[in-house]
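Visitor: In the numbering used here, the protein residues as written are 67 to 631.
Dropping the structure in here first, questions after.
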């Protein structure tokens with residue numbers, strides 16, 4: 067790895083043993099953040115709450131970690147303590163996603179920004195301590211080093227954090243070396259498998275490599291990965307985005323994450339007075355318009371598949387700051403003015419043809435808006451279904467006051483919580499003859515172990531649709547399976563009348579040919595029709611047909627504030 071590092075430094079003669087010199091540090095011309103860094107409009111749009119940022123950095127300095135950033139994929143609602151000797155492999159709450167977030171270095175940006183805002187050396191010392199501990203841990207085997215998404219997010223976060231502290235005179239040369247050595251270890255890993263990526267991860271990886279290109283390119287040779295990464299980015303814009311503008315995994319949260327990572331890449335271009343191509347601008351603008359078209363009257367994306375309800379206005383403000391487009395684009399009321407009619411009882415439909423989503427909007431009067439989303443998306447093909455749920459023909463009904471009929475989104479990707487006995491690395495196995503003892507000693511953990519939570523939130527019964535015999539809709543047992551045929555038949559509105567209709571067919575000849583010989587034929591069709599007489603009436607008609615007799619369960623999930631009779 068050090069030889070690889072040194073080969074990137076052809077223009078310097080006086081190197082330290084790891085290839086980095088004081089001369090190089092003093093001659094740096096590239097930045098990540100634009101002028102003003104933590105006080106710039108771009109930084110304030112990305113991290114709008116300085117007090118919260120400093121509070122989280124203070125926790126991190128005390129070895130307490132909480133994931134709080136807007137649109138963070140793994141937000142937590144309480145902090146967890148790390149030991150004095152940081153364990154980068156054992157999740158303190160048993161959820162491996164928590165430790166994945168730790169190695170992605172979001173807390174390192176908290177520390178760097180807090181140092182820049184307060185000038186307190188505590189945050190710089192903590193930054194140095196975390197980095198030294200992590201660098202040492204890389205010598206141990208673990209799942210982190212095989213997970214490309216971790217490396218991609220870590221590259222971007224480390225660059226964004228380092229850019230804030232690189233000018234500190236008290237930052238040791240060892241820390242400068244550790245930053246660059248970790249960056250190049252991850253760059254080398256990602257560059258070797260650039261063509262193997264797809265879905266939202268492909269955007270994280272390519273933009274991380276291109277961000278590193280712009281930030282390190284003043285005195286490192288970057289052609290080895292920069293040109294392939296740039297070519298790959300333009301390839302995936304065509305292959306990973308459907309013609310209706312929705313990312314191929316058909317999950318609003320990951321669609322939004324792609325918008326954010328592209329904007330994060332734009333930041334380093336703008337900071338170094340580099341142009342953003344027209345194609346990238348058009349791509350981000352179209353994807354952001356899609357999010358605005360999907361969001362509910364409260365401004366949140368719908369929790370379809372593995373989505374959390376995140377605010378779209380956060381991304382639009384960041385978009386405005388990065389591209390200096392505040393005068394031409396005010397997304398906080400672009401949704402209202404372009405998608406919501408002002409005449410009570412009159413509906414506007416937005417149909418996403420490729421995906422099969424239909425959004426209906428109407429006005430109740432007195433500032434209250436209505437929103438219904440009908441989901442005929444089916445299961446994404448070609449291995450894109452990892453974040454999909456068995457939820458075909460579901461619907462969501464929201465108003466300005468919040469959800470009425472909703473769905474749970476996701477809880478965690480963790481299928482098996484891996485808790486450990488306190489102060490040890492000995493695993494708790496909650497089964498066998500000691501199970502009653504474990505239930506008494508670790509009741510909260512045993513409650514988590516009561517079911518596979520990822521599977522629970524993915525299942526058909528957790529959504530507003532129909533299940534046969536309480537089972538999942540067919541072909542959702544593996545994300546690699548081809549899903550059933552789902553078709554949007556009708557979406558139209560005339561005055562106060564609205565009709566949307568879709569069909570689910572698990573017995574379609576097009577799809578049944580893919581079934582393994584041992585797979586039973588589920589054999590049923592479901593046709594759902596939603597008829598609206600706005601503003602207050604929706605009628606739902608479900609027709610199911612099968613060769614054999616079954617028990618049909620129709621699920622309706624209401625928000626906690628509502629009662630149903």
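Glycine is no exception: its CB is placed at the ideal position from the N, C-alpha and C atoms.
Computed from a prediction, not measured in an experiment: that's the story for all the values here.
Give the C-beta separation of residue 164 and residue 140 to the nearest angstrom, bearing in mind that I take them to be a contact with Cβ-Cβ under 8 Å.
Guide: 7 Å
Visitor: Taking the straight line between their C-alpha atoms, what separation do you get for residue 93 and residue 258?
Guide: 30 Å
Visitor: Go ahead and pull the three-state DSSP assignment for residue 337.
Guide: helix
Visitor: Would DSSP call residue 305 helix, strand or coil?
Guide: Three-state result, residue 305: helix.
Visitor: Between 166, 110, 119 and 379, which has its C-alpha nearest residue 361's C-alpha?
Guide: 379
Visitor: Name the one or two DSSP bridge partners that residue 313 has.
Guide: Per DSSP, 307.
Visitor: Going straight from the alpha carbon of residue 373 to that of residue 367, what length do you get?
Guide: 8 Å
Visitor: Starting from residue 534 and walking both ways along the alpha helix (DSSP H), at which residues does that stretch end?
Guide: First-last for residue 534: 532-534, but that is the beta strand (DSSP E), not the alpha helix (DSSP H).
Visitor: Count the other CB atoms, across all protein chains shown, that sit within 10 Å of the CB of residue 450; report buried if there are 16 or more and exposed otherwise.
Guide: Buried, since its Cβ has 16 or more Cβ neighbours within 10 Å.
Visitor: Which residue's Cα is closest to the Cα of residue 249: 102, 171, 180 and 621?
Guide: 171
Visitor: Can you tell me whether residue 441 is helix, strand or coil according to DSSP?
Guide: strand
Visitor: Could you check the C-alpha separation between residue 559 and residue 329 for me, to the nearest Å?
Guide: 36 Å
Visitor: Taking only three categories from DSSP, how would you classify residue 400?
Guide: Caution applies to residue 400, whose pLDDT of 42 falls short of 50 and renders its modelled position unreliable; the value that the coordinates give is listed next. Here residue 400 sits in helix by DSSP.
Visitor: So, are the CB atoms of residue 370 and residue 455 less than 9 Å apart?
Guide: yes
Visitor: Out of 96, 439, 624 and 113, which one is the CA nearest neighbour of residue 339?
Guide: 96
Visitor: In the DSSP assignment, what residue or residues form a beta bridge with residue 185?
Guide: DSSP lists no partner for residue 185.
Visitor: Classify residue 298 as helix, strand or coil using the three-state DSSP reduction.
Guide: DSSP, reduced to helix, strand and coil, places residue 298 within a helical segment of the structure shown.
Visitor: Using the beta-carbon count (16 or more within 10 Å), is residue 515 buried or exposed?
Guide: buried
Visitor: Just to confirm, is the Cβ distance from residue 612 to residue 628 under 9 Å?
Guide: no
Visitor: Given residue 584, which residues of its chain have a CB within under 7 Å of its CB, disregarding the five upstream and five downstream residues?
Guide: Caution applies to residue 584, whose pLDDT of 40 falls short of 50 and renders its modelled position unreliable; the model cannot decide the point.
Visitor: Express the C-alpha separation of residue 508 and residue 316 in angstroms, rounding to a whole number.
Guide: 38 Å
Visitor: Suppose you measure from the CA of residue 620 to the CA of residue 557; what does that come to, to the nearest Å?
Guide: 22 Å
Visitor: Look at residue 596 and residue 462 and say whether their C-beta atoms are less than 9 Å apart.
Guide: no
Visitor: Does the distance from the CB of residue 346 to the CB of residue 271 come in under 9 Å?
Guide: no
Visitor: Quick test of your reading: residue 311 and residue 355, contact by CB under 8 Å. State the CB separation rounded to the nearest angstrom.
Guide: Residue 355 and residue 311 do touch by the CB rule: their CB atoms are close to 7 Å apart, below 8 Å.
Visitor: Could you check if residue 175 is buried or exposed, using at least 16 other CB atoms within 10 Å of its CB as the buried criterion?
Guide: buried
Visitor: Taking residue 192 as the reference, which of 506, 148 and 565 has the closest Cα?
Guide: 148
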